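I have placed the structure first, in the form of structure tokens, so that the comments after it can refer back to it.
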Amino acid sequence: MSSFSAQIRGWKTVIFALFLREWQSRFNDKLGLSWAFIEPALFILVLSFVRGKVSGGDVHSIPIFIFMLIGMIGIQSFLSSLNSVSTAIKKNKPLYAFRQVHPISAVITSAFLEFSIKTVVIVLLSLAVYLMEMPYSFDNPVLLIGVYLLLWIFSTSIALIFSIGAAYVPEIDKIKNFISRPMFFISCVFFSLQDIPTAYWHYFNWNPVVHFIELARYACFTSYGKAGVSLEYAAMCSLVSLFFSLSIYHLTWKTILSR
Numbered sequence: 001m002s003s004f005s006a007q008i009r010g011w012k013t014v015i016f017a018l019f020l021r022e023w024q025s026r027f028n029d030k031l032g033l034s035w036a037f038i039e040p041a042l043f044i045l046v047l048s049f050v051r052g053k054v055s056g057g058d059v060h061s062i063p064i065f066i067f068m069l070i071g072m073i074g075i076q077s078f079l080s081s082l083n084s085v086s087t088a089i090k091k092n093k094p095l096y097a098f099r100q101v102h103p104i105s106a107v108i109t110s111a112f113l114e115f116s117i118k119t120v121v122i123v124l125l126s127l128a129v130y131l132m133e134m135p136y137s138f139d140n141p142v143l144l145i146g147v148y149l150l151l152w153i154f155s156t157s158i159a160l161i162f163s164i165g166a167a168y169v170p171e172i173d174k175i176k177n178f179i180s181r182p183m184f185f186i187s188c189v190f191f192s193l194q195d196i197p198t199a200y201w202h203y204f205n206w207n208p209v210v211h212f213i214e215l216a217r218y219a220c221f222t223s224y225g226k227a228g229v230s231l232e233y234a235a236m237c238s239l240v241s242l243f244f245s246l247s248i249y250h251l252t253w254k255t256i257l258s259r
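Under full-length UniProt numbering, the residue at position 258 of the sequence shown is numbered 258, and the numbers go up by one with no gaps.
Pasting the structure below:
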């Protein structure tokens, strides 16, 4: 039992050291963490202005700024985790010479860093909305937190699969970039699923990110509704992708160390 506890403590120490290293490398410029808040805030303002010119007023009972904020946070959480975590194994390869450092430690560290950054950004954006006295609502905070955690699990799992694939075939990063580019346009960021005729919903709601974003909007404003999306589907995609990615890692991690 003491040996197991020592292993856990050693693993926590490794992850903490990797976390500090990753943090310093990510925010070594003058803007630092503030840019992680400024960039999405500016983007949301621009998109809200464009969406306001197109439709005007609220979007299915949600104020335009809040509508765009939820969509942007959702898609950026997915894409930033995908891009960052998928390079974690390759980026930390020199550290695997130390037997305490395993590829999964680098993946967990990168995923937790992205989660921490996005959580801080969400808090700052929520504070900005409150200070600007914009109408807002958190009708179902438990659902909102659950959806965010499922999104984080899903994005980390998909990123782990790409990270393992890149260890064998480096060109897989190009496939990842090709797949991720249209995600912004097919994930209901700028528009609602309810804006689309129901006959065409199946072209969009196969995408789990659509369910995460639309359910987050519903969790904030239950008047928005959740037509066309399902928490069960979102949870299933997250858990299946987590099981699949960890299974692949379990089968390949020793080979990854030798590549």
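No residue lacks a Cβ here, since even glycine has one placed at the ideal position from N, Cα and C.
The structure displayed is predicted, hence computed values, not measured ones.
Listed in chain order, the non-local C-beta contacts of V210 below 6 angstroms within the same chain comprise S187, C188, F204, local neighbours out to five positions each way being set aside. By the neighbour-count criterion, in which 16 or more other beta carbons inside 10 Å mark a residue as buried, Q76 falls on the buried side. Pairwise C-beta distances place the segment 75–94 in contact with the segment 152–169, as three or more of them are shorter than 8 angstroms. It is roughly 8 angstroms from the alpha-carbon of T87 to the alpha-carbon of A166. Cβ atoms of S192 and V59 come within 8 angstroms of each other, at about 6 angstroms. Around the Cβ of K174, a 10 Å sphere holds fewer than 16 other Cβ atoms; the residue is exposed. For Y148, the number of other beta carbons within 10 angstroms of its own is at least 16, and it is reported as buried. Bridge partners of V59 according to DSSP: I62. By the criterion of at least three beta-carbon pairs nearer than 8 angstroms, the segment 62–77 is in contact with the segment 110–130. Following the DSSP letters along the chain, one finds Y224 in no alpha helix (DSSP H), marked with neither H nor E.
Exposed is the label assigned to S223, since fewer than 16 other Cβ atoms lie within 10 Å of its Cβ. If the five residues before and after Y249 are omitted, its C-beta is found closer than 7 angstroms to the C-beta atoms of I104, L160, I164, all from its own chain and listed in chain order. For the segment 51–120, the full-length alpha helix (DSSP H) segments reaching 4 residues or more read 64–85, 88–91 along the chain. Sixteen is the threshold: since fewer than 16 other Cβ atoms of the shown chains lie within 10 Å of the Cβ of T198, the residue is exposed. Runs of the beta strand (DSSP E) spanning 3 or more residues and lying entirely within the segment 180–211 do not occur at all. Here I158 is buried: its Cβ has 16 or more other Cβ atoms, across all protein chains shown, within 10 Å. Of A111, S84, G225, A219, the smallest CA-CA separation from P141 is found for A219. The beta carbons of I213 and G71 sit about 5 angstroms from each other, so the pair counts as a contact at 8 angstroms.
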